[in-house]
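Shown next, in structure tokens, is the structure this report addresses.
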Amino acid sequence: MTRLATILLCAWVLWMEVLSLKEGAREWSPLSAYPADSYQACLDGAKAHIETQVEGYTAENRSVMQSSRGGRETVTADLKPKGIYHWTFACFPDSIDPRAKR
Numbered sequence: 019m020t021r022l023a024t025i026l027l028c029a030w031v032l033w034m035e036v037l038s039l040k041e042g043a044r045e046w047s048p049l050s051a052y053p054a055d056s057y058q059a060c061l062d063g064a065k066a067h068i069e070t071q072v073e074g075y076t077a078e079n080r081s082v083m084q085s086s087r088g089g090r091e092t093v094t095a096d097l098k099p100k101g102i103y104h105w106t107f108a109c110f111p112d113s114i115d116p117r118a119k120r
């Protein structure tokens with residue numbers, strides 16, 4: 019079974035989820051792809067995106083929280099008056115689309 023999984027995995031895809039707590043809207047978007055043997059590079063890409071988000075909102079004197087859990091990098095910012103936004107960056111195999119209905 020491991021061999022089959024390896025054959026089916028062609029790439030890792032870095033996805034970004036944006037959640038607007040005010041609007042209740044949630045949207046996933048693919049950002050970039052990495053070769054099948056580069057899961058760590060995908061995670062590093064997620065961390066780089068988070069650092070950019072945090073630096074940008076911190077420079078604007080926004081209230082920002084950052085966390086890392088289970089291969090997901092997240093940042094939450096209070097973008098007054100727009101409300102609170104939550105970004106998640108996560109790596110999924112190319113065969114998984116997080117936009118799919120559950």
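When we follow our numbering, the leftmost residue of the sequence shown carries the number 19, and every step to the right adds one. All C-beta atoms, glycine included, are put in the ideal place defined by N, C-alpha and C.
Considering only T94, R44 and S38, the residue with the shortest C-alpha distance to E73 is T94.
Within a 10 Å sphere around the beta-carbon of V36 sit fewer than 16 other beta-carbons, which makes this residue exposed. Where A95 is concerned, the enclosing beta strand (DSSP E) starts and stops at R90 to D96. Secondary structure of I114 (DSSP, three-state): coil.
Looking only at P53, T92 and M83, the smallest Cα-Cα distance to M34 is reached by T92.
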